[in-house]
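See below for the structure under consideration.
Numbering (the working numbering), first residue to last: 196 to 353.
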């Protein structure tokens with residue numbers, strides 16, 4: 196069944212192959228005509244810019260465009276990386292400034308506490324000094340009373 200179908204289609208395939216060959220030849224011939232016409236049209240331009248033919252110029256321009264595209268891509272990537280880095284460093288700066296502000300506030304609060312504690316220390320020192328003076332007076336009074344007591348005790352014993 197398949198072999199019969201292949202035999203039946205063989206002449207059509209042969210015709211299609213011949214047509215394809217003829218079209219390929221025509222295309223090649225037309226391309227040659229186009230190339231010659233372009234060579235004639237662009238000959239003075241090519242001589243002026245120092246290339247053999249327009250295709251060489253097109254290849255050169257394509258390479259330049261590709262190189263520009265690669266450079267642009269690297270540039271865009273670098274800009275994106277630097278932008279990201281800048282944003283990161285800006286965030287770090289803001290965090291650091293926030294921490295610094297918090298530490299300064301804590302420092303101010305601690306300095307206020309130090310002043311308050313120094314005042315408390317001064318008041319307590321005054322109270323201690325006053326208490327020591329009172330104790331010294333009381334000891335002096337106690338000593339005098341003890342001496343009086345000793346004298347009276349001696350007097351009573353005699």
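Note that beta-carbon positions come from the ideal geometry of N, C-alpha and C, so glycine has one too. Bear in mind the structure is a predicted one, so any value in this text is a computation, not a measurement.
Tell me the rounded alpha-carbon separation between residue i and residue j.
i, j, result
"residue 288", "residue 280", "12 Å"
"residue 333", "residue 323", "15 Å"
"residue 233", "residue 252", "12 Å"
"residue 205", "residue 269", "56 Å"
"residue 285", "residue 297", "18 Å"
"residue 326", "residue 290", "53 Å"
"residue 228", "residue 218", "15 Å"
"residue 238", "residue 201", "52 Å"
"residue 258", "residue 197", "51 Å"
"residue 350", "residue 309", "60 Å"
"residue 353", "residue 341", "18 Å"
"residue 311", "residue 319", "12 Å"
"residue 276", "residue 225", "51 Å"
"residue 235", "residue 242", "11 Å"
"residue 264", "residue 299", "51 Å"
"residue 344", "residue 328", "24 Å"
Compare the Cα-Cα distances from residue i to each of the options and report the closest residue.
i, options, result
"residue 231", "321, 248 and 215", "248"
What span of residues does the alpha helix (DSSP H) with residue i cover, start to end?
i, result
"residue 234", "197–244"
| request: Note down, one range per segment and in chain order, each alpha helix (DSSP H) of at least 4 residues found wholly within the region 267–309. | output: none
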